[in-house]
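The block underneath contains the structure these notes are about, expressed in structure tokens.
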Amino acid sequence: MKSGKSKQPRKQRKARYNAPLHIRHKFMSAALSDELRDKYGKRSFPLRKGDTVRVVRGDDKGKEGKVRTVDLKGEKITVEGVVVARSDLSEVPRTVHPSNVVITKLELKDKLRESALGR
């Protein structure tokens, strides 16, 4: 993604749409809970499979669960327990935008991710 100086909304949208996956990962950031914010001194952090999140907006507000999938291309995540019923009564995971969740517990098995919190 070029670091241009354009303010035009169409160019900003195009840049997001055409961004490579390693930059799209940064778009997938969610706010940290108050406890994590105090502990790490950061306001938000990129989501990863295994993080525990709480939905703060939408029909599923208040539900909490682990992140099951992170879709970088569609900029959506799925959370355990956040489902929608089909007409045949089977349940399908509902996708949620990262801006609508708060991270309550981080998956810190990866040393690189742990060091990124210390920056």
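All you need for our numbering is the position in the sequence shown, starting with 1, plus 26.
From the three backbone atoms N, C-alpha and C, an ideal C-beta is built for every residue, glycine too.
By the CB criterion at 7 Å, P119 and A56 fall outside the cutoff.
Judged by beta-carbon spacing, F71 lies beyond the 7 Å limit of E101, meaning their Cβ atoms are not closer than that value.
Counting other Cβ atoms within 10 Å of its Cβ, R50 reaches 16 or more and is therefore classed as buried. Excluding sequence positions up to five before and after L98, its CB lies within less than 6 Å of the CB of L47, R50, all in the same chain and listed in chain order.
Just so you know, the alpha carbons of E90 and V128 end up roughly 9 Å apart. Of the candidates R74, K68, E61, T104, the residue whose Cα lies closest to the Cα of V81 is T104. Pairing V93 with D77 gives a Cβ-Cβ distance under 7 Å. Under the three-state reduction of DSSP, S125 is assigned to helix. Within the segment 49-130, the runs of beta strand (DSSP E) at least 3 residues long that lie entirely inside it are, in chain order, 55-58, 70-72, 78-81, 90-97, 102-111, 117-122. K135 carries a coil assignment under DSSP once its states are collapsed to helix, strand and coil. Taking 8 Å as the upper bound for CB-CB distance, G84 and N44 are not in contact here, some 28 Å apart.
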